[in-house]
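**Student:**
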Amino acid sequence: MRVRWDMGLGRDLGYAFWATTCFEGIFGAYTGIWPLWIEHLGAPIAIVGLVLGVAGVIRPFILGPSAWLSERFDPRKLLMTARVIAFCGLIVAALAQSWPILLLTVVTNAIGELVFPLMQTYAADKTTTDRVRAFTLIFTVGPSAALIICPLLVGVLIAIWGMRAAFIFAALLTLAAIWLISRLNFRTPEHAAPPSVPTGGYGAVFRHHASRQILILHGATVFVLAIGVSLVPNFLHDVRGIDPALIATLGAGAAVGTVTYGLVISRSPRIQRAPFLGATAGVGAVALALIIFTALGSLPAVTIAFVLRGGFFSAWALFMAALGETAPGSIRSRSFATMEILGGSAMSFGPVVAAQLYGVEPTLPLIVSAAGAAILIPIIVHGHRDQRRYVAAQNDEIDADALAQASQ
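Position one of the sequence shown corresponds to residue -10 (the working numbering), numbered consecutively onward.
#1: What three-state label does DSSP hand Ile231 in the structure shown?
#2: Taking all protein chains shown into account, decide if Asp388 is buried (16 or more other Cβ within 10 angstroms of its Cβ) or exposed.
#3: Among Gly38, Leu25, Glu102, Arg48, which one has its Cα closest to the Cα of Thr9?
#4: Can you find at least 3 beta carbon pairs, one from the segment 11 to 20 and one from the segment 308 to 321, that sit closer than 8 Å?
#5: Quick one, which of Pro54, Gly151, Thr116, Cys77 has its alpha-carbon nearest Pro434's?
#6: Nearest by alpha-carbon distance to Phe76: which of Leu235, Val95, Gly251 is it?
#7: So, with DSSP's three-state summary, where would you put Trp305?
#8: How would you write the range of the alpha helix (DSSP H) that Ile90 sits in, first residue to last?
#9: For Thr247 and Ser358, which I take to be in contact (beta-carbon distance under 8 Å), what is that distance rounded to the nearest angstrom?
#10: Please name the residue, chosen from Ala159, Leu173, Val370, that lies closest to Asp63 on a Cα-to-Cα basis.
#11: Residues in its own chain within less than 6 Å of Gly144 by CB, not counting five upstream and five downstream?
#12: For Thr269, which residues of its own chain have a beta-carbon under 7 Å away from its beta-carbon, when the five flanking residues on both sides are left out?
#13: Does the segment 279 to 294 come close enough to the segment 159 to 167 to have 3 or more Cβ pairs within less than 8 Å?
#14: Considering Cα atoms alone, identify which of Pro351, Trp7, Ser303, Arg229 is closest to Val253.
#15: Residue ranges of each beta strand (DSSP E) run of no fewer than 3 residues wholly in the segment 268 to 341, ordered along the chain?
#16: Which residues in the same chain have their Cβ closer than 7 Å to the Cβ of Ala5, if we skip the five residues on either side of it in sequence?
#17: Using the C-alpha atoms, what's the distance from Ala160 back to Met152?
#18: So what does DSSP say about Leu58, is it helix, strand or coil?
#19: Using the Cα positions of Leu67 and Ala326, report the straight-line distance between them to the nearest angstrom.
#20: For Ala294, which of Ile157, Gly240, Gly21, Tyr347 has the nearest alpha-carbon?
#21: In chain order, what residues of the same chain have a beta carbon less than 7 Å from the beta carbon of Gly348, not counting five sequence neighbours either side?
#22: Express the C-alpha separation of Val194 and Arg201 in angstroms, rounding to a whole number.
#23: Write down the C-beta distance between Gly300 and Val272 rounded to the nearest angstrom, noting that I regard them as a contact closer than 8 Å.
#24: Provide the residue span of the alpha helix (DSSP H) that contains Leu79, from first to last.
#25: Between Ser337, Trp26, Arg61, Met69, which lies nearest to His226 when the distance is taken from Cα to Cα?
#26: Can you give me the start and stop residues for the alpha helix (DSSP H) that His29 sits inside?
#27: Measure the C-alpha to C-alpha separation of Gly242 and Val296 and round it to an integer number of angstroms.
#28: Below 8 Å on the Cβ atoms is my contact criterion, and I expect Phe156 with Leu93 to pass it. Report the Cβ-Cβ distance as a whole number of Å.
#29: Answer yes or no: do Val211 and Met69 have a C-beta to C-beta separation smaller than 8 Å?
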């Protein structure tokens, strides 16, 4: 079978696929050693957690206006500007001599994340059929492939030039992402014509029961899992004695798990019809990974645990696909912005809690997170039933409208 550059998604979504692949490659280039870099520049472990958590405080102020900005400015230029700012922040991190300056990088990275809700809305608007498949390829498979390759490359670079090389590599990859963003086509009939339906605000997002349920479950899941995974690099270095370069390389294992799971989803209509159930499998895999990290220190066991940890981002993408399937067009852009705010903030506040638990006992964040994941799984299964009932009712309403129009 011939492999197409656009992965069979078409030109518009093809460029989106490669852009999100670069975004995740940037993240993967430095995330494995980010807490180690903060600690290396003189921050105690409690401060490491706080620095990681600052992003959660500023995220709503950055992502909240994203839908409003995209309605008033050219989305493509908006995305390019955000990524140029993120590029500057990565250069600052590479040149930093003390940990306080890294707060500037946290701010610029948060601005760079403006791309995610806008890219999710772009993908939802450009997709008319097989939305779960398209979202899985764009936001799971491609990015996860980058998370396999980039940590391996960065592991070599760190071994040769030190941890600063990770941020230089991420900055270069950001330049490639900016070029890909410049190729996106945001012009659609819907955007070109004056809107016929008023755009719903953030209040409308939370008044929509099905969307609200997905957002709450997603935020809770990310927060619980972030407590466990955020300080895994520190745990492996401080407790298991693993070298930072090897930790960065092992980070590719998580991407192997994510891309494998993503390919299964893209080829499984059953999972595509039940994204919540797919998310439960991802959450369960992360819980098992945390148990392995806690109990075993051998390299093969740690490698397997990293692979299982890939269920984290698979679950995130499946919640995202469920939201794209559920949120009405009038609130879709703000629904995705809300998901990024809640999910990203949960991802940032998780390390704050983890750092406090880590100070008591290094294994405590992993144990608490694994227990929380076990509690979440039956709650997500219940959410699946509610979402299926909503989608079925929505389809019945569409069929009734089509029948009424045909009879006229």
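All C-beta atoms in this analysis are idealised placements derived from N, C-alpha and C, irrespective of residue type, glycine included.
**Tutor:** Checking against the coordinates, here is how it stands:
#1: Within the sequence shown, the letter at position 242 stands for residue 231. Note: Ile231 maps to coil in three-state DSSP.
#2: The residue labelled residue 388 in the question sits at position 399 within the sequence shown. Because the pLDDT of Asp388 is 42, which lies under 50, any placement of that residue in the model is unreliable, and the number read from its coordinates should be weighed accordingly. By the neighbour-count definition (other C-beta atoms within 10 Å, threshold 16), Asp388 is an exposed residue.
#3: Walking along the sequence shown from the start, residue 9 turns up at place 20. Of the candidates Gly38, Leu25, Glu102, Arg48, the one whose C-alpha sits nearest the C-alpha of Thr9 is Glu102.
#4: They do not touch, by the three-pair rule.
#5: The structure shown has nothing for residue 434, since the chain only spans -10 to 397.
#6: As a working mapping, residue 76 is identified with position 87 in the sequence shown. Looking only at Leu235, Val95, Gly251, the smallest Cα-Cα distance to Phe76 is reached by Val95.
#7: In the sequence shown, counting from the first residue as 1, residue 305 sits at position 316. Annotated three-state conformation of Trp305 is helix, per DSSP.
#8: The residue labelled residue 90 in the question sits at position 101 within the sequence shown. For Ile90, no alpha helix (DSSP H) segment is defined, and its DSSP state is neither H nor E.
#9: The residue you call residue 247 lines up with position 258 of the sequence shown. The residue you call residue 358 lines up with position 369 of the sequence shown. Their Cβ separation, rounded to whole angstroms, is 18 Å, which puts Thr247 and Ser358 out of contact at 8 Å.
#10: The count along the sequence shown starts at 1 and reaches residue 63 at position 74. Taking only the C-alpha atoms, the option nearest Asp63 is Leu173.
#11: In the sequence shown, residue 144 corresponds to position 155, counting from 1. Cβ neighbours of Gly144 beyond the five flanking positions: Ala234, Ala237, Thr238.
#12: Working through the sequence shown from its first residue, we reach residue 269 at position 280. Closer than 7 Å at Cβ, skipping near neighbours: Ile366, Ile369, Val370.
#13: Cβ pair count under 8 Å is below three, so no.
#14: Indexing the sequence shown from 1 puts residue 253 at position 264. Among Pro351, Trp7, Ser303, Arg229, the Cα nearest to that of Val253 belongs to Ser303.
#15: Runs of the beta strand (DSSP E) inside the segment 268 to 341: none found.
#16: By 1-based counting over the sequence shown, the position of residue 5 is 16. Answer for Ala5: Met108, Tyr111, Ala112, Ile127, Leu173, listed in chain order.
#17: The residue given as residue 152 occupies position 163 in the sequence shown. The residue given as residue 160 occupies position 171 in the sequence shown. One alpha carbon belongs to Met152, the other to Ala160, and they sit about 14 Å apart.
#18: If you number the sequence shown from 1, residue 58 lands on position 69. Assignment of Leu58 by DSSP, reduced to helix, strand and coil, places it in the helix class.
#19: For this step, residue 67 is matched to residue 78 along the sequence shown. For this step, residue 326 is matched to residue 337 along the sequence shown. Approximately 15 Å, taken between the alpha carbons.
#20: Indexing the sequence shown from 1 puts residue 294 at position 305. The shortest C-alpha separation from Ala294 is found at Gly240.
#21: On the sequence shown, residue 348 is found 359 positions in, with the first residue counted as 1. Same-chain partners within the cutoff: Ile34, Ala35.
#22: Numbered from its first residue, the sequence shown carries residue 201 at position 212. Numbered from its first residue, the sequence shown carries residue 194 at position 205. For Arg201 and Val194, the distance between alpha carbons rounds to 7 Å.
#23: Residue 300 sits at position 311 when you count from the first residue of the sequence shown. Residue 272 sits at position 283 when you count from the first residue of the sequence shown. Yes, they are in contact, since the Cβ atoms of Gly300 and Val272 sit about 7 Å apart, within 8 Å.
#24: For the purposes of this step, residue 79 is identified with residue 90 of the sequence shown, where counting begins at 1. 64 to 84 is the span of the alpha helix (DSSP H), which, as asked, contains Leu79.
#25: Translated into the one-based positions of the sequence shown, residue 226 becomes position 237. Selected option, being the one with the closest Cα: Trp26.
#26: By 1-based counting over the sequence shown, the position of residue 29 is 40. It spans 23 to 29 - the alpha helix (DSSP H) in which His29 sits, taken as one unbroken run.
#27: Position 253 of the sequence shown holds residue 242. Position 307 of the sequence shown holds residue 296. Between the alpha carbons of Gly242 and Val296 lies a gap of roughly 4 Å.
#28: The residue you call residue 156 lines up with position 167 of the sequence shown. The residue you call residue 93 lines up with position 104 of the sequence shown. Between Phe156 and Leu93 a beta carbon distance of about 13 Å is seen, past the 8 Å cut, so the two are scored as non-contacting.
#29: Translated into the one-based positions of the sequence shown, residue 211 becomes position 222. Translated into the one-based positions of the sequence shown, residue 69 becomes position 80. No; because the gap between Cβ atoms is not below 8 Å, this pair is not in contact.
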